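Student: Structure incoming, see below.
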């Protein structure tokens with residue numbers, strides 16, 4: 001195997017050495033997990049930082065270079081010449097971009113090996129990426145599976161049965177994800193750095209935020225009115241498909257919805273998503 005991952009797809013449609021178009025989405029999902037692990041490793045190395053630069057993810061974008069033989073081996077690699085965020089946001093302990101990419105790849109492999117062995121995620125897996133792991137490989141048929149290799153070339157087959165068992169284990173527990181939630185903010189406590197977000201389904205959820213956005217929230221709430229909506233971007237918990245708690249806020253915005261026809265359409269779109277989740 002070559003490429004950045006020690007992985008191949010086997011069984012069913014993959015025995016022909018090709019990837020069906022319905023499963024190309026799995027490569028995109030794999031890339032999102034890879035980037036999430038790279039960001040998590042960077043934050044661990046830089047505890048004084050709460051976010052990466054906007055261009056960070058581009059350094060870890062994966063390209064399908066080729067399909068190797070032996071079942072189906074997707075040859076995935078980040079472009080070695082691409083380095084945008086490395087200079088924009090240096091590490092506390094300088095590391096090459098190649099080292100960061102390699103570490104994220106090994107963590108991704110270890111994640112699925114750990115699930116195969118223990119039926120759960122590693123303890124250090126970032127909560128915001130759990131939903132990504134829950135959704136990946138859902139397009140595979142019952143006789144198809146990704147196979148991951150460890151440093152000793154031992155094979156770990158992530159069968160659909162193991163995947164179903166893992167996903168079911170998450171069903172009764174809140175799952176962390178990241179994104180944007182919209183609604184109206186109230187019960188602000190700047191000392192405790194907490195608030196409540198009333199979403200468009202009428203259900204309030206608790207919000208926790210850090211000092212880095214306190215001033216933005218305070219300033220933004222001075223603009224509150226009947227036509228204003230807040231958008232919070234960060235990590236939150238979902239349960240049964242519904243957000244139940246905002247764990248952290250990376251970005252805070254206040255938007256004013258006009259009272260004209262366009263504003264009515266915006267309100268209608270927001271109300272169509274009762275969870276308040278914003279795409």
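In the numbering used here, the protein residues as written are 1 to 279. The beta-carbon is built from N, C-alpha and C at its ideal position, and this holds for glycine as well. In this text the structure is predicted, and so the values were computed from the model without any measurement.
(1) With DSSP collapsed to three states, give me the class of residue 34.
(2) Give the single residue among 237, 206, 109 whose Cα lies nearest to the Cα of residue 34.
(3) So which of 63, 11, 23 has the shortest CA-CA distance to residue 138?
(4) Between the Cα of residue 175 and the Cα atoms of 59, 192, 133, which residue gives the shortest distance?
(5) Among 102, 74, 155, 204, which residue has its Cα nearest to the Cα of residue 117?
(6) Could you check the C-alpha separation between residue 247 and residue 17 for me, to the nearest Å?
(7) With a CB to CB cut of under 6 Å and the five nearest residues on each side skipped, what residues in its chain are close to residue 86?
(8) Along the chain, where does the alpha helix (DSSP H) containing residue 169 start, and where does it finish?
(9) From the DSSP output, which residues share a beta bridge with residue 214?
(10) At a cut of 8 Å, does the region 142-149 reach the region 192-199 through at least three beta carbon pairs?
(11) Candidates 114, 159, 120: which alpha carbon is nearest residue 150's?
(12) Going by beta-carbon coordinates alone, are residue 53 and residue 8 separated by less than 8 Å?
(13) Using a Cβ-Cβ cut-off of 6 Å (strictly less than) and excluding sequence neighbours within five positions of residue 124, which residues of its own chain qualify?
(14) I'd like to check one pair, residue 169 with residue 101: are the Cβ atoms closer than 8 Å?
(15) Under the three-state reduction of DSSP, which class applies to residue 54: helix, strand or coil?
(16) So what's residue 204 in DSSP terms, helix, strand or just coil?
(17) Which stretch, first to last residue, makes up the beta strand (DSSP E) that contains residue 248?
(18) What are the boundary residues of the alpha helix (DSSP H) that residue 177 is part of?
(19) Note down the Cα distance separating residue 62 from residue 51, rounded to an integer number of angstroms.
(20) Taking the beta carbon of residue 74 as the centre, do at least 16 other beta carbons fall within 10 Å, making it buried, or is it exposed?
Tutor: Taking the definition as stated:
(1) Mapped onto the chain shown, residue 34 falls at position 34. If DSSP states are grouped into helix, strand and coil, residue 34 belongs with the helices.
(2) Here the question's residue 34 lines up with position 34 in the chain shown. If we check each option's Cα against that of residue 34, 109 comes out closest.
(3) What you label residue 138 is simply residue 138 of the chain shown in a count that begins at 1. With distances taken between Cα atoms, residue 138 lies closest to 23.
(4) What you label residue 175 is simply residue 175 of the chain shown in a count that begins at 1. It is 133 whose Cα lies nearest to the Cα of residue 175.
(5) Position 117 of the chain shown, counting from 1, holds the residue named residue 117. Nearest C-alpha to residue 117: 155.
(6) Taking the first residue of the chain shown as position 1, residue 247 is located at position 247. Taking the first residue of the chain shown as position 1, residue 17 is located at position 17. Going from the Cα of residue 247 to the Cα of residue 17 covers about 43 Å.
(7) As a first step, residue 86 must be located in the chain shown, where it is residue number 86. With a pLDDT of 43 at residue 86, under the threshold of 50, the predicted position of this residue should be treated as unreliable, though the coordinate-derived value follows. 97, listed in sequence order.
(8) Here residue 169 is taken as the residue at index 169 of the chain shown, counted from 1. It spans 160-171 - the alpha helix (DSSP H) in which residue 169 sits, taken as one unbroken run.
(9) As a first step, residue 214 must be located in the chain shown, where it is residue number 214. Paired residues: none, contrary to the question.
(10) no
(11) By one-based count along the chain shown, residue 150 stands at place 150. Comparing Cα-Cα distances from residue 150 to each of 114, 159, 120, the minimum goes to 114.
(12) The residue labelled residue 53 in the question sits at position 53 within the chain shown. The residue labelled residue 8 in the question sits at position 8 within the chain shown. Contact: no.
(13) In the chain shown, counting from the first residue as 1, residue 124 sits at position 124. Nothing listed; no residue qualifies.
(14) As a position in the chain shown, residue 101 is number 101, starting the count at 1. As a position in the chain shown, residue 169 is number 169, starting the count at 1. Taking 8 Å as the Cβ cut-off, residue 101 and residue 169 do not qualify as a contacting pair.
(15) Numbered from 1 along the chain shown, position 54 holds the residue referred to as residue 54. Coil.
(16) Position 204 of the chain shown, counting from 1, holds the residue named residue 204. Here residue 204 sits in strand by DSSP.
(17) Position 248 of the chain shown, counted from the first residue, corresponds to residue 248. Residue 248 -> beta strand (DSSP E) spans 242-256.
(18) As a position in the chain shown, residue 177 is number 177, starting the count at 1. No alpha helix (DSSP H) holds residue 177; the beta strand (DSSP E) holding it covers 175-189.
(19) As a first step, residue 62 must be located in the chain shown, where it is residue number 62. As a first step, residue 51 must be located in the chain shown, where it is residue number 51. One C-alpha to the other measures close to 21 Å.
(20) Residue 74 sits at position 74 when you count from the first residue of the chain shown. Under this definition residue 74 is a buried residue.
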